[in-house]
Every structure is written in C-alpha cells, then in structure tokens.
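Enquirer: Residue 1 is where the sequence shown starts when you use UniProt numbering, and the numbers rise one by one after that.
Even for Gly, the Cβ is constructed at its ideal location relative to N, Cα and C.
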Amino acid sequence: MDSIKVFAPATVANVVCGYDILGFAIDEPGDEIILTKNDFNKITITKIEGDGGKLPKNPEKNVVSHVIRLFLEKVNSTQGIDIELYKKMPLNSGMGSSAASSVAALVAINELMGKPFSRQELLPLAMEGERIACGNAHADNVAPALLGGMVLVRSYEPLDAFKLPYPKGLSVVSVHPHVDVPTGEARKIIKERISLKSAVQQWGNIAGLVAGFCTNDLGLVSRSLEDVIIEPVRAMLIPYFYEMKQLALDNGAIGFGISGSGPSVFALCEKKDIAEVISYKIKELLNQKNIESESFVTKINDEGARVIN
Ligand code: HSE
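1) To test your reading of the DSSP string, which unbroken alpha helix (DSSP H) runs of 4 or more residues are found completely within the region 165-241?
2) May I have the straight-line CA-CA distance separating K88 from M95, to the nearest angstrom?
3) Going by the CB atoms, is the gap between F24 and P116 shorter than 7 Å?
4) Checking the sheet assignment: what are the DSSP bridge partners for D31?
5) Please indicate yes or no: does the CB of A13 lie closer than 6 Å to some heavy atom of the ligand HSE?
6) Let me check understanding here. Comparing Cα to Cα, which of A133, T36, Y86 and Q201 lies closest to D51?
7) Does the Cβ-Cβ distance between A126 and S102 come in under 7 Å?
8) Would V142 and A211 be called neighbours here (beta carbons separated by less than 7 Å)?
9) Considering only C-alpha positions, which residue in the set K272, M150, D82 and I308 is nearest to L164?
10) Compare the beta carbon distance of D82 and T36 with 7 Å and say whether it is the shorter of the two.
11) Hey, V16 and G257: beta-carbon distance below 7 Å or not?
12) Can you name, in chain order, every residue of its own chain whose Cβ lies under 7 Å from the Cβ of V173, other than the five neighbours on each side?
13) In its own chain, which residues sit with a C-beta less than 6 Å from the C-beta of Y166, not counting the 5 before and 5 after it?
14) Using CA atoms only, rank isn't needed, just tell me which of V307, L147 and E49 is closest to L122.
15) Can you tell me whether DSSP reads E84 as helix, strand or coil?
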C-alpha cells in the first residue's frame with residue numbers, strides 16, 4: 001500500500017466535570033488526511049485545506065508531521081511521506097481540532113507501515129501532538145478520537161485510558177461561537193489550588209457521571225454534569241455562556257458545558273429533536289448578540305478514526 005486516506009472525529013473533552021480525564025468522540029465534524037509514501041526519505045506537507053492559511057506548512061512546525069516523525073523514529077524507518085491535510089472543523093474551537101489531525105495522521109501512518117501498533121499504543125504519540133499544539137500532552141481529545149466512544153483517562157503516570165459504557169442513542173449539540181479562546185491561554189487561567197470542599201463536590205460528580213453512564217441512568221448523568229472548578233473560571237472567556245446554558249437546560253438538555261477548553265459549548269440530549277431545538281435557539285441567541293457561530297447536531301461516535309479508502 002502506497003497511499004491511504006483516514007478520517008478522525010471531533011471530540012468533546014472534559015464532559016463538564018472530568019477536566020483532562022474524560023472525553024467522547026462525535027460523528028461530525030472531523031478531519032481527513034491522505035498520506036502517500038515518497039522515495040526521498042522526507043516528510044513533506046503538500047497540501048492543507050480548510051485552515052484559512054493558519055497552519056504551518058513547514059514540516060518542522062506542524063503537529064501532523066511531528067507525530068508522523070515520532071512514529072517513524074519509533075519503528076526505525078526513514079520512509080518519506082507526503083501529507084495532504086483537509087481540515088473540516090474549526091481551529092482553536094475546543095472541538096479537538098489538533099487532536100483529530102494528529103490521530104488521523106497516526107492511524108494513517110500505522111496502516112501504511114503495516115500496522116505495527118494497536119490504537120492504544122498510538123495514544124502516547126498522539127498526546128505528543130497535543131504538547132506541540134497547546135503546550136500540554138492531555139489525552140482527553142486524542143484518546144476518544146483514536147478509540148471512539150466515551151473514554152476515561154484514569155491515570156497519566158502510568159497512562160491508563162479506556163472506553164466506558166454509555167447510554168446509546170444520545171444526541172450532542174456542539175456550537176462554536178466565533179470568538180478566540182486558545183487552549184494554552186484557557187489552561188493558564190485555571191487555579192493551581194482548589195479547596196477540599198470543591199474537590200469533594202467534583203469527584204462526587206465524576207463518580208456519579210460514570211455510574212450514570214454505566215447504568216443508563218440519565219437523571220444521575222444530568223445531576224452529575226456539574227463543574228465547580230473549571231467552568232466558573234473559563235465561562236468568562238465565552239460570551240453569554242450562562243445564557244446559552246439556561247436556554248439548553250430550559251429546552252430539555254441532559255447537561256450543558258464547555259467543549260474542551262472552549263469557546264465551543266455542547267449540550268447532551270436524549271433525542272435528536274431536542275438537540276435540534278437547542279442548536280437553533282443558541283444560534284439565534286448568538287445571532288442577536290452579533291456573534292457568528294456554527295453548530296453541529298450529531299451522535300457519539302463509537303468507532304473513532306477510520307480508514308476511508
Ligand atoms: N482538557 C483540555 C482542557 C481539553 O480543558 O484544557 C482541551 O480541548
């Protein structure tokens with residue numbers, strides 16, 4: 001095989017109360033990558049589309065070429081690779097854009113090189129892509145993009161990430177308001193220290209959320225989708241966050257929160273028609289406030305990245 005095309009999905013990291021430890025993949029949007037072997041022992045980026053010219057084409061600086069280089073070093077190969085990247089989701093949106101690109105690249109190069117690694121084994125390499133993208137190698141976007149479904153990162157040292165059961169058939173609304181919230185900045189404003197009282201509340205919620213996922217108890221999921229640590233700090237970076245949250249909850253969302261580090265927000269809904277109404281109402285609100293936005297109503301993606309030819 002000399003060439004391959006791979007899709008990797010957007011993701012919702014944190015899932016409200018699970019900062020850096022919980023994330024799920026969604027069916028759309030996602031990024032596509034085409035990798036083609038070349039005979040020059042070089043990694044080159046031949047095309048990037050859909051990034052508005054913002055991503056570096058220099059293979060020394062691009063996240064995608066970085067993770068491919070790490071992969072090839074790991075298998076002691078000098079194989080040359082031409083990269084075409086098709087960005088099909090907004091950059092710096094909180095929807096796991098850099099994670100989707102890294103994961104698509106790693107799944108593609110793994111296939112092209114005869115599949116030496118499992119998806120789990122690709123995870124540390126994908127996390128290195130996040131380190132380049134935002135300065136921190138968190139796994140809560142790359143793990144669900146790689147493995148699909150709802151993923152819990154129980155531990156970083158040693159790395160222990162695995163898929164959780166979750167209620168099937170849920171719909172997800174993701175709304176991306178066009179405001180700038182770079183992940184690196186959104187991480188810097190988080191407090192280093194928290195009170196024991198907040199910690200107790202947060203770990204009660206995360207335990208409740210996982211229990212609710214495992215038992216299909218949507219009431220418990222809903223009560224547990226509460227973040228007393230990160231959301232109060234980051235919400236101020238997202239205009240009309242609390243108005244959007246109220247709209248979503250008033251219109252039947254199971255829960256609502258910041259998607260990853262924002263500015264995108266998401267609502268988890270029992271049914272697609274509820275998700276459609278919430279999507280419409282949030283967009284309408286942002287429109288009234290002269291904030292452009294785009295929204296996606298989709299399902300949780302259980303498969304993760306996939307080869308498409
Ligand atoms: N857990 C990360 C954060 C996700 O909240 O900074 C970034 O998308």
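Expert: Reading from the atomic positions:
1) 183-188, 196-215, 218-224 and 231-234
2) 11 Å
3) no
4) A8
5) yes
6) Y86
7) yes
8) no
9) M150
10) yes
11) yes
12) F266, A267, C269, A275, I278, S279, S295 and V297
13) M150 and F213
14) L147
15) strand
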